[in-house]
Amino acid sequence: MAFTMRAVKVPPNSSSLEEARKRTFDFFRSACRSIPSVMEIYNLYDVTTAAQLRSSIASQIRQNASITNPKVIDMLLFKGMEELNNIVEHAKQRHHIIGQYVVGNEGLVQDVGTKDLRASDFLKKFYSTNYF
Amino acid sequence: MALRAAILGHLRVPVQTLTQNGRALQSWNLLNLNRSMSSHDDHLDKQEVIDRVVSVVKSFPKVDPAKVTPEVHFQNDLGLDSLDTVEIVMALEEEFKLEIPDKEADKIDSCKLAVEYIANHPMSS
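Which chain is which? The protein sequence lines are A and B, in order.
Note that full-length UniProt numbering has the first sequence beginning at 1, numbered continuously upward.
Note that full-length UniProt numbering has the second sequence beginning at 1, numbered continuously upward.
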């Protein structure tokens, strides 16, 4: 019930890019400080470490590093804060966290290298993309 | 009650002397002027802080471990950006069980400043 009763407050817009930048770092710090409780809630000790989760959060923030419009940054920060709230109050399940932050964009099937020794060059390219 | 008495009668708790806290035990001696039980003197050794800070920075994936020295500047010498710096400071918070306030955390941009801050922090452990 907690997450339906939650008051979603929207902070005032950042006045400058510098303020938005500062807010991004504050958000990153609060996300990092909630990592221990997240690992406890979702029992992530055997699949990942706090340092890996920190890097994963940082890489997601870095994906949007080129944005210079403070309003867009505020919107993304709001979405990030909402995601963080959902995670911390256990509105997600373990596989959501693992799929999104532990396994990441590479997916479950990762190219480990030894298995495709016999595959032709054509097939290797075909598996990765059909635009070549 | 009978059950409780029976259980208590059979419980055996192994008694161990705390050999690793020898320093703390000695301090019961009132003539010891070092006040080693006092929380104010419980600072970490500076060399230990340096070693632990350097090892945290070295274990950061984007950093070349060979370049890390106790004086290294994160952005100028290691080629990290501001987000990486915040990430390292968060890793240091985790390592030393601190919570560094945002204003101080913004100022920490090199190993030297990090060592200085952590060594002077009374809660670092």
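Even for Gly, the Cβ is constructed at its ideal location relative to N, Cα and C.
These figures come from a predicted structure and were not determined experimentally.
The beta-carbon of Glu104(B) is placed no less than 9 Å from the nearest beta-carbon of chain A. Ser110(B) is bridged by DSSP to His73(B). Collapsing the DSSP output to three states places Arg12(B) in coil. For Asn120(B), the secondary structure class from DSSP, reduced to helix, strand or coil, is helix.
Distance from the CA of Asn64(A) to the CA of Ser55(A), rounded to the nearest whole angstrom, comes to 15 Å.
Under the Cβ distance rule, Ser55(A) counts among the residues neighbouring chain B, one pair being separated by less than 9 Å. Within the stretch 29 to 102 of chain A, no complete beta strand (DSSP E) segment of 3 residues or longer occurs. In the three-state scheme derived from DSSP, where H, G and I count as helix and E and B as strand, Ser128(A) is classed as helix. Neighbours of Pro61(B) in chain A, taken as residues at a C-beta separation under 7 Å, are given in chain order as Ser55. No Cβ-Cβ contact shorter than 9 Å links Leu123(A) with Thr68(A).
Considering only beta carbons, the part of the stretch 34 to 60 of chain A lying closer than 7 Å to chain B consists of Ala50, Ala51, Arg54, Ser55 and Ala58, in chain order. Under the Cβ distance rule, Arg94(A) does not count among the residues neighbouring chain B, no pair being separated by less than 9 Å.
Annotation for Asp51(B): the continuous alpha helix (DSSP H) segment containing it runs Lys46 to Lys58. At least one C-beta of chain B is nearer than 9 Å to the C-beta of Ala65(A). Proximity of Met90(B) to chain A, defined by a Cβ-Cβ separation below 9 Å, is satisfied. Note that the C-beta distance between Pro70(B) and Val54(B) is below 9 Å.
For a Cβ distance threshold of 8 Å, residue set Val86, Met90, Asp102 and Ala105 of chain B lies close to Arg29(A), ordered along the chain. Just so you know, the alpha carbons of Asp106(B) and His90(A) end up roughly 31 Å apart.
Pro70(A) and Arg62(A) have their C-alpha atoms some 15 Å from each other. With its beta carbon less than 9 Å from one in chain B, Phe25(A) belongs to the interface.
Distances from the alpha-carbon of Asn43(A) to those of Arg29(A), Ile97(A), Cys32(A) and Ala20(A) put Ile97(A) closest. When only Cα atoms are considered, Ser34(A) and Tyr127(A) end up about 38 Å apart.
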